[in-house]
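**Student:** Got a structure here, written out as structure tokens. Questions coming.
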Amino acid sequence: MNDPRPASRPLVAVIGGGPAGLMAAEALARRGMAVEVFDAMPSVGRKFLLAGVGGMNITHSEPYPAFVGRYGKRHGEIDTLLHDFDADALRQWIHSLGIETFVGTSGRVFPRDMKAAPLLRAWLKRLREAGVVIHTRHRWLGWTDAGALRISYPQGERHVQADAVVLALGGGSWARLGSDGAWVPLLVERGVDISALQPSNCGFEVEGWSTLLKDKFAGAPLKNIALSVPGAAPRKGEFILTAQGVEGSLVYAWSAALREAINRDGRATLLLDLLPDRPVEKIAQALAKPRGSRSMAKHLHGQLGIDGVKAALLRELTDQATFADPGCLAAAIKALPIVLVRTRPLDEAISSAGGVRFEGLDDGLMVRNLPGVFCAGEMLDWEAPTGGYLLTACFASGLRAGNAAADWLTRLT
């Protein structure tokens, strides 16, 4: 089935119905373009909705220098996008949809009712009123020899002749929600410069916990602790012990550094501070107090409040000599090394690193060797921790790509 080329307004096909794609569609419609969104899933915004389960963290309120620094080695590229649409602009945009927001105690920003669904419903209503056509169960398969878009849908295959294309296909995590990375070979064969997709905001594995630790404590949270990597300042929070290793928000905060260390050295060390609010000297003094007939486990609990999963992990990762020496044990409590050997699989990760490199794109996110093809969202080569940073950059890149596509088409006419 061949779709005719539009006779009046330029047609822009947006491939992907997540936040980046829908934001690109809104920008394009605002600029007078005919916009059709194609998404492979039965409904759009599925990963967005799942991310909102338990509280829709939309962005973060921290000062801009710290905010942009969260994007690591790609902070310069993301900085240019955020100049158009930063966290404050995102909040104002949400308010324009009739959804109020508030700042939580951690600085994270949430919709007033903490839910993603009302926001998405209001947004889709606005898009449809602007004339945006949304096609679900429509999977992009690449291009025909004549340059049309190949779109698979339940009745067969469509060939869509668009004047410009915005690709917002997500990364490689959570394939069941549509982000399956299937677009990578389609762009590689067109010569697009792509960095391999890797897990980000992910769990990590150790060589193997003891059976006792796994059976008794897998799934247990470690709270009121701090984690760091060698040479970096520790961060407080919590994480979860798993049967394979570790996961959770505080682990995710270090995932980029840990993954790169594993890529480089075959392993990475995560330093666990079990008592971040007590100096090592005070801990050593407490441990050196006579314990009489009490076991070391009871001594740890009585003097320092260390028990349960914390005590089990301390025992797991120290030898007998360390455990018997108050000074050495105090040092271990403040910097217990957890050696990680691999990430958990990409499909389990919250997000992915890698993707279309910025070096192959112009300032408007158009692929340099594919005129009229723009990229946005998580399929770009950047990463960020959880806390609203991922969504903010997805929105900002979608806005940039949509406006740039409209500018490019305007220059052609």
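Letter by letter, the sequence shown follows residues 1 to 413 of full-length UniProt numbering. C-beta: ideal position from N, C-alpha, C; glycine also.
(1) DSSP on D88, reduced to helix/strand/coil?
(2) Would you mind stating whether R128 and Y153 have Cβ atoms separated by less than 7 Å?
(3) Kindly indicate the opening and closing residues of the alpha helix (DSSP H) around C328.
(4) With DSSP as the reference, label P6 as helix, strand or coil.
(5) Would you list the residues sitting across from R139 in a DSSP beta bridge?
(6) Taking only runs of the beta strand (DSSP E) that begin and end inside the region 254-325, which ones reach a length of at least 3 residues, in chain order?
(7) Would you mind working out which of Q198, A25 and P276 sits nearest I134, comparing C-alpha positions?
(8) Closer than 6 Å by C-beta to E396: which residues in its own chain qualify, once you throw out the five before and the five after it? Chain order, please.
(9) Can you name the residues that DSSP bridges to F204?
(10) What did DSSP end up calling D228 once you bin it into helix, strand or coil?
(11) Evaluate A20 with the Cβ neighbour count: other Cβ atoms within 10 Å of its Cβ, from every protein chain shown; 16 or more gives buried, anything less gives exposed.
(12) What residue from K334, S228 and A261 has the CA that sits closest to L250's CA?
(13) Can you tell me which of the three DSSP states V166 falls into?
(14) If you drop the 5 nearest sequence neighbours on each side, which residues of the same chain put their C-beta closer than 7 Å to that of I194?
(15) For V37 and S106, I'd like the C-alpha separation in whole angstroms.
(16) Is A268 buried or exposed, if buried means 16 or more other CB atoms sit within 10 Å of its CB?
(17) What's the C-alpha gap between A243 and A218?
(18) Quick one: Cα of V35 to Cα of T144, how far?
(19) So who's on the other strand from L380, going by DSSP bridges?
(20) Rounded to whole angstroms, what is the Cα-Cα separation between R315 and F323?
(21) Could you check how far apart the C-beta atoms of A58 and I15 are, in whole angstroms? I think they sit under 8 Å.
(22) Would you kindly work out how many angstroms separate the C-alpha atoms of D325 and Y71, rounded to a whole number?
(23) Cutting at 7 Å between CB atoms, please list the residues of its own chain near I23, excluding the five before and the five after it.
(24) Around the Cβ of P371, are there at least 16 other Cβ atoms within 10 angstroms (buried) or fewer (exposed)?
(25) Would the region 330-338 count as touching the region 359-369 if we require 3 or more Cβ pairs under 8 Å?
(26) For T386 versus F204, is the C-beta spacing smaller than 7 Å?
(27) Straight-line CA distance for A182 to L197?
(28) Would you mind working out which of R235, A393 and R368 sits nearest G170, comparing C-alpha positions?
(29) Using alpha carbons as the reference points, say which of H159, G178 and V160 lies closest to A168.
(30) What is the DSSP secondary structure of A13, counted as helix, strand or coil?
(31) Going by C-alpha distance, which of A376, G245 and T413 is nearest P221?
(32) Taking all protein chains shown into account, do 16 or more other C-beta atoms lie within 10 angstroms of the C-beta of P10, making it buried, or fewer, making it exposed?
(33) Can you look up K73 in the DSSP assignment and give me helix, strand or coil?
(34) First and last residue of the alpha helix (DSSP H) that includes P185?
(35) Return yes when the Cβ of G388 is within less than 7 Å of the Cβ of V103, no when it is not.
(36) On a CA-only basis, which of S173, A332 and G208 is nearest E281? Give me that one, please.
**Tutor:** Short version:
(1) helix
(2) no
(3) P326 to K334
(4) In this prediction, P6 scores a pLDDT of 47, lower than 50, which makes its location untrustworthy; no coordinate-derived value is stated.
(5) S152
(6) 268-273
(7) A25
(8) In the sequence under discussion, the amino acid at residue 396 is Ala, which differs from the Glu named in the question. These residues qualify, in order along the chain: L81, L82 and F85.
(9) V246 and T343
(10) Contrary to the premise, residue 228 reads as Ser rather than Asp in this sequence. Reduced to three states, the DSSP call for S228 is strand.
(11) buried
(12) S228
(13) strand
(14) V184, L187, V188, G355, V356 and R357
(15) 35 Å
(16) buried
(17) 5 Å
(18) 20 Å
(19) V356
(20) 8 Å
(21) Residue identity check: residue 58 is Ile in the sequence provided, not Ala. Wrong, their Cβ atoms sit about 24 Å apart, outside the cutoff.
(22) 42 Å
(23) Per the sequence presented here, residue 23 reads as Met, with Ile not at that position. Excluding residues within five positions, the ones whose Cβ falls inside 7 Å are F395, G398, L399 and G402.
(24) exposed
(25) no
(26) no
(27) 11 Å
(28) A393
(29) G178
(30) strand
(31) G245
(32) buried
(33) helix
(34) V184 to V188
(35) no
(36) A332
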